[in-house]
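Numbering (the working numbering), first residue to last: 2 to 78.
Positions of the beta carbon are idealized from the N, C-alpha and C atoms, including for glycine.
Below is one structure, written out as structure tokens, with a few remarks after it.
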Amino acid sequence: MPAARQEGLLVRELNDETLVYDLFNIGHKAHCLNSTAALIWKYCDGQTSESDSGSKSLEAEQDHAVGSRVVRFVCSS
Numbered sequence: 002m003p004a005a006r007q008e009g010l011l012v013r014e015l016n017d018e019t020l021v022y023d024l025f026n027i028g029h030k031a032h033c034l035n036s037t038a039a040l041i042w043k044y045c046d047g048q049t050s051e052s053d054s055g056s057k058s059l060e061a062e063q064d065h066a067v068g069s070r071v072v073r074f075v076c077s078s
């Protein structure tokens with residue numbers, strides 16, 4: 002069950018994207034997540050399986066499934 006880090010992040014949800022600013026990174030990384038990546042990241046909660054995050058949840062919300070490699074990439078970033 003993938004779990005995205007929540008500590009040390011400043012998160013702002015906008016209309017079509019989610020901005021995630023990493024306060025712990027020396028280079029102060031910022032990530033701009035499109036709607037698909039933002040949904041995957043939302044489901045990386047340690048409770049939802051990788052296959053549920055990529056297929057069932059996204060398919061229900063965005064009318065398409067996402068492969069497990071994409072889910073792993075978003076959750077590990």
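Quick one: residues in its chain with C-beta nearer than 6 angstroms to the C-beta of residue i, no 5 flanking neighbours on either side, listed in chain order?
i, result
"H32", "V21"
"K30", "D23"
What is the rounded straight-line gap between the Cα of residue i and the Cα of residue j?
i, j, result
"L24", "A61", "33 angstroms"
"V67", "N16", "21 angstroms"
"S50", "E14", "24 angstroms"
"I27", "Q63", "35 angstroms"
"L34", "L11", "13 angstroms"
"R70", "R6", "18 angstroms"
Give every residue of the same chain whose Cβ lies closer than 8 angstroms to the Cβ of residue i, excluding the five residues on either side of it in the sequence, and list them in chain order.
i, result
"E18", "C33, L34, N35, S36, A39"
Excluding sequence positions up to five away, which residues of its chain have a Cβ less than 7 angstroms from the Cβ of residue i?
i, result
"F74", "none"
"G9", "D23, L24, F25"
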